[in-house]
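Okay, structure first, notes after.
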Amino acid sequence: MNLADLRYFIAVAETGLLHRAASEVGMSQPALTKAIRRLEAQLHVPLFDRTPKGMRLTQFGTAFQEHARGLVAGFQQSLNQIEELHAGQLAKVRVGAAPAAEPLVGRAFLALLRKRAAMRMEIKVQLSDGLLRSLIDGDIDIAVSPLPSQLPDEIRARILFDEPTSIVCRKGHPLCAARDAVTPVEIAAWTWILPSTHVSARQRIDGYFRKHALDGPNVQVESTYGSPVGVFTLIANSDMIGVCSAQHRPIAEQLGLAVIPAPDLRWSRKIACLIRKTGKLSPLTQTFIEYIEAEAKVMRNNIDARAADSTW
């Protein structure tokens, strides 16, 4: 079975359109059609129903899709291992990080870099759902992110630490006036900058409004940000409010943000290292995970030390 044909099959399955898949993989539509027919001939089953609206997976195609992804991902892992054996210290780790975990990954890389000065890192900063897809497809070998509410069957998680999360505004904002706690009605009066609705932090805020039978949140800026700096800058220079994790506290403080006294809007989320259940990680990637876990322990201790700080 041709590995390239498997990649072509995956492209058609994901786009549902031959012309779009052909554009993505850089080949002509007739050549792509021949590749799909080769696979169907080898498997002796139809993989797609050809419809006026595009290519729709048959039951056989749906069953084959995950296996095809696994084969492609496994082959990529083999190439990475061969590259490391051949290049020695010139090996590369491919890691994905959610914005909430980017500082942790950066610190782990710098720590390992002192031991492996010539190592390289390819990093993708995405929200959790995008990281899961990249991990399943073999585009990255590990992902560090908040633990998803539902973990795909092909992924396993290694919990790193629990991270407190709060809502923040600029210093001097009316919600930061001295008091025990702001009320849900007071919070509902202000606009927000938040990620999209499929992100767990947004779901937490939406649930808070539903719990208190309030309309909202009134999202003025919906962001799929890869870094907190832009978001915090907007909050620091406006009356919008948003979310801040413990890892991003130093940045938030430097930009002039403060935590809003709202106990119901303080929660903890689990930060995890995610890897595929199948396939073998390269020695360098396994070492990098050990460094991530070591840095996570330091971060966990720092978070515990800050727990006595009532403002955060």
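According to full-length UniProt numbering, the sequence shown holds residues 1 to 312 in order.
A virtual CB, placed ideally from N, CA and C, is assigned to each residue, including glycine.
Since we're looking at a predicted model, the values are computed, not measured.
Outcome for residue i when other beta-carbon atoms lying within 10 angstroms are tallied against a minimum of 16
| i | result |
| --- | --- |
| ASP141 | buried |
| GLU66 | exposed |
| GLY138 | buried |
| MET122 | Checking the displayed sequence, the identity of residue 122 turns out to be Glu instead of Met. Exposed, by the Cβ-count rule. |
| LEU110 | exposed |
| GLU102 | buried |
| GLY242 | buried |
| HIS173 | buried |
| VAL72 | buried |
| ILE82 | exposed |
| GLN254 | exposed |
| ASN80 | buried |
| residue 384 | Because the chain here runs from 1 to 312, residue 384 falls outside it and cannot be looked at. |
| LEU127 | buried |
| ARG156 | exposed |
| VAL105 | buried |
| PRO146 | buried |
Option in the options with minimal Cα separation from residue i
| i | options | result |
| --- | --- | --- |
| ASN237 | LYS280, ARG170, ARG249 | ARG170 |
| SER12 | ALA4, ASP5, GLN76, ALA21 | Looking at the sequence provided, one finds Val at residue 12 rather than Ser. Ranking ALA4, ASP5, GLN76, ALA21 by Cα distance to VAL12 puts ALA21 first. |
| ASN218 | THR278, ALA189, ILE136 | ALA189 |
| MET1 | LEU39, ARG204, LYS92 | LEU39 |
| PRO228 | HIS248, LEU104, LEU71, ASP215 | HIS248 |
| PRO152 | GLU295, ALA117, SER134 | SER134 |
| THR58 | VAL45, ARG7, ARG69 | VAL45 |
| HIS198 | GLU24, LEU43, ASP129 | ASP129 |
| VAL95 | LEU47, LEU3, PHE288 | PHE288 |
| CYS176 | ASP239, ILE303, LEU18 | ASP239 |
| VAL259 | PHE9, PRO146, MET299, ILE167 | ILE167 |
| HIS19 | LEU32, ILE10, ARG7 | LEU32 |
| ALA118 | LYS92, ALA97, ALA98 | LYS92 |
| LEU6 | ARG37, SER223, TYR291 | ARG37 |
| PRO99 | GLN150, GLU154, GLY230 | GLY230 |
| PHE232 | GLY256, ASP215, GLU222 | GLY256 |
As assigned by DSSP and simplified to three states, the class of residue i
| i | result |
| --- | --- |
| LEU47 | coil |
| ILE10 | helix |
| THR62 | helix |
| residue 362 | No statement about residue 362 is possible, as the shown extent of the chain runs from 1 to 312 and does not include it. |
| ASP162 | strand |
| VAL199 | coil |
| residue 316 | Given that the chain is displayed from residue 1 to residue 312, the structure contains no residue 316 and the question cannot be resolved. |
| ILE241 | strand |
| ARG210 | helix |
| ASP153 | coil |
| ARG116 | coil |
| LEU32 | helix |
| PRO99 | helix |
| ALA143 | strand |
| LYS297 | helix |
| LEU17 | coil |
| LEU281 | coil |
| ALA258 | strand |
| ALA272 | strand |
beta-carbon residue i near the ligand MN non-hydrogen atom, thresh 8 Å
| i | result |
| --- | --- |
| PRO283 | Annotation note on the ligand MN: not contained in the displayed structure, which lists no ligands. |
Span of the alpha helix (DSSP H), counted from its first residue to its last, around residue i
| i | result |
| --- | --- |
| THR233 | 228 to 236 |
| LEU57 | Element bounds for LEU57: not the alpha helix (DSSP H) but the beta strand (DSSP E), 54 to 57. |
| GLY130 | 128 to 136 |
| ALA108 | 102 to 113 |
| PRO250 | 249 to 254 |
For residue i, the first and last residue of its enclosing beta strand (DSSP E)
| i | result |
| --- | --- |
| LEU194 | 191 to 194 |
| ASN218 | 218 to 222 |
For the pair the stretch 263 to 276 and the stretch 153 to 164, tell me if three or more CB-CB distances fall below 8 Å.
yes
Inter-stretch contact at 8 Å, needing at least 3 Cβ pairs: the stretch 271 to 282 / the stretch 185 to 199:
no
So, does the stretch 173 to 185 touch the stretch 282 to 291, judging by three or more C-beta pairs under 8 Å?
no
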